[in-house]
Amino acid sequence: MQSKYNWQTLKDYKEILFSYFQGIAKISINRPHKHNAFTPLTVQEMSDAMELARQNPEIGVIIITGEGGQAFCSGGDQSVRGHGGYIGEDAVPRLNVLDLQMQIRRIPKPVIAMVAGWAIGGGHVLHVVCDLSIAADNARFGQTGPKVGSFDGGFGASYLARIVGQKKAREIWFLCDQYNAQEALDMGLVNKVVPLDQLEETTVEWCRKILEKSPIALRMLKSAFNAELDGQAGIQELAGNATLLYYLSDEAKEGKNSFLEKRKPDFSKFPKFP
Ligand code: S0N
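Count along the sequence shown starting at 1, add 1079, and that's the number in the numbering used here.
This is the structure:
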């Protein structure tokens, strides 16, 4: 689909497109002939792009999507599924999409799934772990695991259940039915449904609204939402952000400066808040 935005390529990859426009990074799976099923290389490239997006201070929000308008992602590429995982050029089986899921969850910038067409299997889980999901009216959602001999017992089960409720999550996995965009909206699985030809425009509009907001407030909120669910790892993420804020204060700088100046720190001037 032709974009009305002037996306600039940030890096060339084989199986994804990685582009930038006015503070927004877009990571797009580029395997439309397979409904954007992912191989270990697809995932490795998405991971690399996510890390670049994380480190780039110009980027405030990330869109994950799939090329072609017919599929967001249809999960792991079954033609390279081998003994113990998905097999890439090095012949080693892996399930590296689990690391990508963690990256999406931990990156301190909002990630939006822009879903046209199929979001199925591991591709469905990918949109589930994104902070927000915007769906085109042709989107279809579902899990296939028990039908094709797999399952995602991580975020794909427990976080999905947090979003749609335990009964609905069990239905999604046990029946492997497919749900249209309106049904997904009704169960809180997506944030908004728009006509396919307005999908990118709406997503960019949401990104722009996010980009107007305080990056540290967004960062703190994302880690706060995660902390409630992620146990010690979630607390570590939230606490890391608290440390970042503390580092910005004169009080913390007094500690560092006193050490470098080989003197006793003087914290007496700092308030002891009630
Ligand atoms: C998406 C579906 C429903 C679309 O059906 P439709 O419209 O009839 O199109 P097709 O003709 O079926 O597809 C068009 C072409 O695309 C190929 N293709 C589609 N999906 C895949 C795929 N996943 N792998 C490889 N090829 C795919 C078709 O073969 C066809 O090509 P041609 O014409 O050349 O034959 C339908 O396509 C569908 O059901 N697809 C399979 C969905 C699926 O089962 N996905 C895999 C689910 N599992 C995972 O994703 C595992 C990874 C994972 O995330 C995970 C994570 C943690 C722990 C465990 C797991 C795990 O589940 O293992």
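The beta-carbon is built from N, C-alpha and C at its ideal position, and this holds for glycine as well.
Helix, strand or coil for residue i per DSSP?
| i | result |
| --- | --- |
| A1170 | coil |
| S1293 | coil |
| G1235 | helix |
| D1091 | strand |
| V1269 | coil |
| A1218 | coil |
When every heavy atom of the ligand S0N is checked, does at least one fall within less than 7 Å of the C-beta of residue i?
| i | result |
| --- | --- |
| L1211 | no |
| A1260 | no |
| L1177 | yes |
| F1151 | no |
| A1214 | no |
| L1174 | yes |
| F1253 | no |
| I1183 | no |
From residue i to residue j, what distance separates their C-alpha atoms?
| i | j | result |
| --- | --- | --- |
| A1260 | I1142 | 19 Å |
| N1109 | I1095 | 5 Å |
| D1276 | E1307 | 37 Å |
| M1193 | Y1326 | 35 Å |
| M1299 | P1187 | 8 Å |
| Y1165 | N1115 | 15 Å |
How would you call residue i, buried or exposed, if buried means at least 16 neighbouring beta carbons within 10 angstroms?
| i | result |
| --- | --- |
| A1303 | exposed |
| G1310 | exposed |
| L1324 | exposed |
| P1344 | exposed |
| S1107 | buried |
| R1160 | buried |
| A1263 | buried |
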